[in-house]
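Residue numbers (this note's numbering), protein chains in the order written: chain A, 442 to 747; chain B, 4 to 561.
From the three backbone atoms N, C-alpha and C, an ideal C-beta is built for every residue, glycine too.
The structure under discussion appears below in the form of structure tokens.
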Amino acid sequence: MKTAFLIAGAFANVLLVLLLAPWFEGILRKLTAQLQSRQGPPLRQPFFDLLKLLGKEDLETGEMPAVQRAATYLGLAAVLTTACLIPLGFGSPLNGAGDVILLIYLLTFCSVCTLMAGLASGSTFSMLGSSREVMCLVTLEPILAVAILIGAVHRGSFRLDTVLDGSVYASAAFPWSGLVILVVVVLSMQAFLQRLPFDIPAAETEIMDGALMEYSGPKLALLKFSQMAKLVLYSGLFVHLFVPWGAHLAFPLGWLLFWLKVLGVVLVVTVIAATHARYRIDQAIRYFAGLLLVALVALVLASYGY
Amino acid sequence: MVAREKLNQLKARFGPAIQRADLPADDRLYLFVEPAAMADICQCLFGELRARYVVGIGADDRPHSGSFLVAHNFAFDTDHLLGSVLTYLPADRPALPSIARHVPAANWSEREFRDLVGIEPVGHPFPKRLILPDGWPEDAHPLRKDQPWNEVPAGYDADREFAFDDPPEGCVVVPFGPFHPTLDEPAHFRLYVEGEVVRGCEYRGFMVHRGIEKLAESVLTYNDIPMAAERICGICGCVHNVAYAQAVERAATLHPPPRAEYIRTVMLELERLHSHLLWVGLACHIVGFDTLFMQSFRIREPVMWIAERISGNRKTYALCVIGGVRWDITPELKAELRQVLTQLETEWTAVTHAIESDRNLQQRMRGVGIADADLVRKWALLGPVARAAGVAIDSRRDHPYAAYDRVEFDVITASDGDVWSRVVVRALEVFQSIRIIRQCLDRLEPGPLQAEIHDELPIGRIGLSSVEAPRGESHHFVMTGENHRPRRWRVRAPTYQNLQGIPAMIKDQQLADMTITLGSIDPCFSCTDRLEAIDIRSGQLRVYSQEDLLKLAKDQWQ
């Protein structure tokens, strides 16, 4: 009985992400269009885009087709597994099966998959995109890890349901560390999601979508979908860590409130993306390094109970 | 007076090497010199007299004088003087010493007449093929008069490839183009990249050369050519249209009536308006700021609309004939145009304020793609690129044409020479254009639109004309000829010079800055290639091979 419940919950979460991610992407596009005095596509356009790509011929064009296939499928698999670990309006289905360390691994693994997809396709621009991806990965991923660790330190546990519940503010004294890391994560949110001004590894007008350049058809659909799902998952993670209030309300209310907050995060991300120019990789890395330093200070504060 | 002064200076120095001098007006000087003295005179003009190099022209003059002709054009901008140094070369040995070592800006011009006319610049520092396709045989030169305009020479090898130089050690080759999202037209930069830093590059362009000059010299007539000239470029077409007409008028000493001159000025400035608005948008798009890109296109739309109301076309106004213009600006159109300008001024003020205070944009654009005054002089860079480096050259003021001597405007300059300065210069020039159009509308007096031409145009005369395109000076050289068409017509668009400065501008910069640096000269490859886009009319799906396309093109002409 319990197993059946677990499977059903995981299934529900995966389905939610599958359905909502393109829709959020649609909202993002529509709002961007409105900000640019354009009409914009209908909200369901990303679904059509994905369906169209899925129906195309699956070309094997790169240097290492097997690696390319594996990277694409594993990337999406990692994203969907992450979806089972993060509570999406109700308790995390796989709460007992993993902890926040697994969550951090999985999120990093998604980026590594994109990276591999780029390297395996073997064109110059994919290589450039992948090398930029690596640079961002090594400076960005620690920031997210630190944020989660701060929560874990405050709560004294790595359990998903205890950490993903506003834990960054759960210090004994005034939550200095929580506030500092809030600022840091807000400032690096665009980079986690690879949106402007930090869409440097893709940078269409410079390196033509970088790692994804050589992809088309179903594989591109999966890679695109991973990106859309990341938008939802990172926003959800942000909500759980930093704006947890009202999460324990009764079912329809708490659930609705969670998704409203996610929508709010997506809207903010969209507005920032639409009003900024892209930074150069050297400017971005310097910026990330600064943020990482501040994040580490916050971790030290947290370990002293602030 | 200035022309005579310069002539006397050169005469004192080179004496008998100067065979003949023509001073048809005070702002034009044509020197006919000994081939052997050409290099020294050019060096003296560029080095000591501080002239700006404009363009080099090669011509096959064998049917008339039995020899080849080479001309190097120079400009004395502060003295309002355009000059040409010409020399005749024997038909059996068309070669002369290269000047590109002393006048770097002549690099492409010399390679061009080597390719197209077969005149050898001896001792050229980079004597590689520039224009002709890779498979073209070495001994065929399309601009020679004995080469038919509609025939591919024997020995054409479609499979031969261009031989690039080896990249420097430790560098990876990044192919930038022929097709790239930020290049609207095909051109190839082979970038040598070390990590994320560009160490050098080699350029291969002219991929869609259309041979419009050959057509003009062999098929079209004087009044057809303005329409063909207009199709050289999709953005600054009117500039070429006017520049050609003016060059012919200069050669034939014709004077278009004042009303025609004002109308030309209005249309040239309208073109600058839509071009600058487009460019600011594109620059923002290149650095990922799409919102401003879309907004500036929205603001630009009324300009296109009023152009269509006036001329019947959003672009390609079909404005000039020799000696005048083809249509009028009516009082109703004047009122509508004023309204468009008022709206544009308000909206553009808001945009410039937004741009000026945007730190994010400045971080991407300041200190990037620097071309300082020395580089500007070395490569004869033009337009906003030169003005952004503090070099105040502007053909509208320096070599006045149309009605520019009767209107007031400022030449906008900046001092840093980087991409940001170019943005500022272009953004502010929009206001100057609005100012010029308003003055023209105020002064537009009733009168004829075309000068009456009773006789055939004189033969063998030379005409030079510089028109300030949105990207810089467009220069046209015309030598009048028989059968109602010029013997030689040479177009030098501003991108032709500005592109030559790009390798120096991108050297040791981040790869990410390549696109915005290239974008900042507002490159117009069609102007350099002198090409036209192909329109595709086909309901059925069919894949054309290169041979099919060539056959199709030839069948259409026969």
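Residues near residue i in its chain [Cβ-Cβ closer than 8 angstroms; skip 5 each side]
{"i": "S314/B", "result": "M270, Y320, A321, L322 and W330"}
{"i": "I80/B", "result": "Residue identity differs from the one stated: residue 80/B is Asp in this sequence, not Ile. If we look at D80/B and ignore the five residues flanking it on each side, its Cβ neighbours are R55, I396, D401 and H402."}
{"i": "G126/B", "result": "P100, S101 and R104"}
{"i": "L500/A", "result": "S657 and G658"}
{"i": "V738/A", "result": "V621"}
Close-in-space but distant-in-sequence residues of the same chain around residue i (CB under 6 angstroms, 5 per side omitted)
{"i": "A507/B", "result": "L378"}
{"i": "C287/B", "result": "L295 and F296"}
{"i": "S629/A", "result": "I584 and L732"}
{"i": "H75/B", "result": "C45, G59 and V88"}
{"i": "A78/B", "result": "R55, V57 and L85"}
{"i": "L273/B", "result": "A310"}
{"i": "V520/A", "result": "C551, S667 and A670"}
{"i": "P156/B", "result": "P140 and A143"}
{"i": "G386/B", "result": "R474, G475 and P497"}
{"i": "P305/B", "result": "V343"}
{"i": "W696/A", "result": "G530"}
{"i": "V587/A", "result": "A736 and L740"}
Buried versus exposed, by CB contacts within 10 Å (16 or more), residue i
{"i": "G570/A", "result": "buried"}
{"i": "W423/B", "result": "buried"}
{"i": "P528/A", "result": "buried"}
{"i": "G463/B", "result": "exposed"}
{"i": "G121/B", "result": "buried"}
{"i": "E141/B", "result": "exposed"}
{"i": "H212/B", "result": "buried"}
{"i": "K443/A", "result": "exposed"}
{"i": "D293/B", "result": "buried"}
{"i": "Q298/B", "result": "buried"}
{"i": "A691/A", "result": "exposed"}
{"i": "K554/B", "result": "exposed"}
Cβ neighbours of residue i in the same chain (closer than 7 angstroms, five flanking residues each side left out)
{"i": "D29/B", "result": "M4, V5 and A6"}
{"i": "S398/B", "result": "S469, V470, E471 and E476"}
{"i": "A255/B", "result": "L460, P461, R464 and T483"}
{"i": "C204/B", "result": "F192, R193, L194, Y195, P506 and I509"}
{"i": "E655/A", "result": "T502, G503, S562, S564 and S567"}
{"i": "S70/B", "result": "D64, Y91, L92, P93 and A94"}
{"i": "L484/A", "result": "W464, G467, I468 and K471"}
{"i": "R719/A", "result": "L637, P638, D640, I641 and A644"}
Simplified DSSP assignment, three categories, for residue i
{"i": "A40/B", "result": "helix"}
{"i": "F480/B", "result": "strand"}
{"i": "D540/A", "result": "strand"}
{"i": "V57/B", "result": "strand"}
{"i": "E197/B", "result": "strand"}
{"i": "L500/A", "result": "coil"}
{"i": "W308/B", "result": "helix"}
{"i": "F599/A", "result": "coil"}
{"i": "W492/B", "result": "strand"}
{"i": "G327/B", "result": "strand"}
{"i": "S468/B", "result": "strand"}
{"i": "H681/A", "result": "helix"}
{"i": "I537/B", "result": "Confidence is the limiting factor: at I537/B the pLDDT is only 35, short of 50, which leaves the residue's position unreliable, though a coordinate-based value still follows. Note: I537/B maps to coil in three-state DSSP."}
{"i": "D293/B", "result": "helix"}
{"i": "P482/A", "result": "coil"}
{"i": "A28/B", "result": "strand"}
{"i": "L535/A", "result": "coil"}
{"i": "G619/A", "result": "helix"}
{"i": "A376/B", "result": "helix"}
{"i": "Q477/A", "result": "coil"}
Requested in this report: Identify every run of the alpha helix (DSSP H) within the region 421-451 of chain B, keeping only runs that are complete inside it and at least 4 residues long; order them along the chain.
Outcome: 422-446
Query raised in the report: Which parts of the region 71-127 of chain B are runs of the beta strand (DSSP E), unbroken and 3 residues or longer, counting only runs that do not cross its ends?
Result: 84-93, 98-100 and 123-125
Query raised in the report: Enumerated in chain order, which unbroken segments of the alpha helix (DSSP H) with a length of 4 residues or greater are wholly contained in the region 206-257 of chain B?
Result: 215-221, 228-233 and 240-254
Report task. Indicate whether the contact test is met: 3 or more Cβ pairs, each with one atom in the region 272-292 of chain B and one in the region 428-439 of chain B, closer than 8 angstroms. Result -> yes
Query raised in the report: Is the region 601-608 of chain A touching the region 671-689 of chain A in the sense that three or more CB pairs, one from each, lie closer than 8 angstroms?
Result: yes
Query raised in the report: Between the region 448-459 of chain B and the region 341-348 of chain B, are three or more C-beta pairs nearer than 8 angstroms?
Result: no
Report task. Count the C-beta pairs between the region 165-175 of chain B and the region 231-245 of chain B that are closer than 8 angstroms, then say yes if the count reaches three, no if not. Result -> no
Query raised in the report: Do the region 32-44 of chain B and the region 612-629 of chain A meet, that is, are 3 or more Cβ pairs less than 8 angstroms apart?
Result: no
Requested in this report: Would you list, in sequence order, the uninterrupted beta strand (DSSP E) runs of no fewer than 3 residues that lie entirely inside the region 548-587 of chain A?
Outcome: none
**Report entry** Three CB pairs or more closer than 8 angstroms across the region 410-427 of chain B and the region 105-115 of chain B
**Finding:** no
Query raised in the report: Is there contact between the region 578-597 of chain A and the region 701-719 of chain A, where contact requires at least three CB pairs shorter than 8 angstroms?
Result: no
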